[in-house]
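Have a look at the structure below, then the notes.
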Amino acid sequence: MRNLFHGPTHSLLPLHAIRYLPVVVLLLPALMLACGVWSSPSCAAASTTHIDVAKQPITGLVAMGNPVGALKYEDPLKEVKVHPGVYSGVVINAVWMYLEPERGAYDFSSIDDALNEIAEYNTQYPEHPISAKLRIFGGTDAPTYVKELGGGPITVHPSRGPNVEIGLFWTEAYGDRFAALLA
């Protein structure tokens with residue numbers, strides 16, 4: 001291995017750091033326990049913080065769907081129907097500007113339709129039910145009024161494809177509107 005700035009090297013660590021390696025290896029688990037990064041069964045039992053999980057994570061093969069398909073409501077179960085019993089989950093792709101066509105006026109019918117299709121599928125294939133995950137596209141697909149918050153949209157010049165306009169997603173106003181959508 002050769003370091004381009006300082007000539008040849010033979011180690012990833014400098015010599016003075018290598019002599020402390022055994023100490024670090026011995027102390028790291030104790031430090032991790034003390035900081036709560038890693039816990040032993042007794043530490044976990046004594047913990048006062050309890051987090052309830054609303055639902056189990058989806059495991060297995062998940063049909064991710066076509067993000068572009070969300071713009072024209074492509075069937076999220078398209079792949080699942082072709083291969084019944086293979087998938088354990090599906091991603092429902094939704095576009096913010098269709099979910100909120102006007103400020104505060106919401107239309108979740110595309111999500112409801114997808115959930116109804118999943119329920120119907122699960123009735124047909126009870127031995128291989130599928131779960132759903134929701135993905136909402138903002139950015140270029142945010143409602144026009146959201147893009148104009150905080151001073152208007154900015155133009156992004158991607159390396160491929162046309163220029164696009166996005167809202168100032170890092171601002172509180174943008175975040176508040178997205179939170180309102182999710183509420």
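Just so we're aligned, residue 1 is where the sequence shown starts under this note's numbering, counting upward by one. Here a beta-carbon is modelled for each residue, glycine too, at the ideal position from N, C-alpha and C.
query = Ordered along the chain, which non-local residues of its own chain (more than five positions away) have a Cβ less than 7 Å from that of valine 156?
reply = Along the sequence shown, one-based indexing puts residue 156 at 156. Around valine 156: Asn163, Val164 and Ile166.
query = What is the DSSP secondary structure of leucine 28, reduced to helix, strand or coil?
reply = The residue given as residue 28 occupies position 28 in the sequence shown. Here the model assigns leucine 28 a pLDDT of 49, short of 50, so the residue's position is not dependable, and the following value carries that caveat. If DSSP states are grouped into helix, strand and coil, leucine 28 belongs with the helices.
task = Determine the contact status of leucine 181 and leucine 99, defining contact as a CB-CB distance below 8 Å.
result = Position 181 of the sequence shown, counting from 1, holds the residue named residue 181. Position 99 of the sequence shown, counting from 1, holds the residue named residue 99. It is a contact, given that the beta carbons lie within the stated cut-off.
message = Please return the same chain residues whose Cβ sits closer than 7 Å to the Cβ of isoleucine 58, not counting the five positions on each side in sequence.
response = Mapped onto the sequence shown, residue 58 falls at position 58. The residues are Ser88, Gly89, Ser131 and Lys133.
Element boundaries [beta strand (DSSP E), containing phenylalanine 137] = Within the sequence shown, residue 137 is the residue found at index 137, counting from 1. 131 to 137 is the extent of the beta strand (DSSP E) around phenylalanine 137.
key: alanine 119, enclosing alpha helix (DSSP H) - first and last residue   = Here residue 119 corresponds to residue number 119 of the sequence shown, with the count starting at 1. That run of the alpha helix (DSSP H) goes 109 to 124.
inquiry  = My assumption, with CB atoms under 8 Å, is that alanine 173 sits in contact with leucine 149. Please give the rounded CB distance.
reply    = Taking the sequence shown and counting its residues from 1, the one referred to as residue 173 is at position 173. Taking the sequence shown and counting its residues from 1, the one referred to as residue 149 is at position 149. Yes, they are in contact, since the Cβ atoms of alanine 173 and leucine 149 sit about 4 Å apart, within 8 Å.
query = What are the boundary residues of the alpha helix (DSSP H) that includes glutamate 165?
reply = If you number the sequence shown from 1, residue 165 lands on position 165. Per DSSP, glutamate 165 belongs to no alpha helix (DSSP H); it is in the beta strand (DSSP E), 164 to 166.
ask   = Across which residues does DSSP place asparagine 93 in a beta bridge pair?
value = Translated into positions along the sequence shown, residue 93 becomes position 93. According to DSSP, which records beta bridges pairwise, asparagine 93 is partnered with Arg135.
ask   = isoleucine 58 bridges to which residues according to DSSP?
value = Within the sequence shown, the letter at position 58 stands for residue 58. Paired residue(s): none; isoleucine 58 is not in a bridge.
ask   = Of all the CB atoms in chain B, is at least one closer than 8 Å to the CB of asparagine 163?
value = You won't find chain B in this structure, because it holds only one protein chain.
message = Can you tell me which residues form a DSSP beta bridge with glutamate 102?
response = Locating residue 102 in the sequence shown gives position 102, counting from the first residue. Paired residues: Ala105.
ask   = In the structure shown, what three-state DSSP assignment does alanine 173 receive?
value = Here residue 173 corresponds to residue number 173 of the sequence shown, with the count starting at 1. Looking at alanine 173 - three-state DSSP - the assignment turns out to be helix.
key: Nearest residue (CA-CA) to alanine 119, options Val80, Met64 and Trp170   = As a first step, residue 119 is located in the sequence shown; it is residue number 119 there, counting from the start. Checked all of Val80, Met64 and Trp170; the closest Cα to alanine 119 is Val80.
key: Straight-line Cα distance separating proline 158 from valine 86   = The residue you call residue 86 lines up with position 86 of the sequence shown. The residue you call residue 158 lines up with position 158 of the sequence shown. Using only the alpha carbons, I get a separation of about 36 Å.
query = Measuring CB to CB, does glutamate 242 end up less than 8 Å from leucine 61?
reply = Residue 242 falls outside the range modelled here, since the chain spans only 1 to 183, and no answer is possible.
query = Would a C-beta distance cut-off of 8 Å place isoleucine 136 and alanine 94 closer than the cut-off?
reply = Position 136 of the sequence shown, counting from 1, holds the residue named residue 136. Position 94 of the sequence shown, counting from 1, holds the residue named residue 94. Against a cut-off of 8 Å, the Cβ pair of alanine 94 and isoleucine 136 comes out as a contact.
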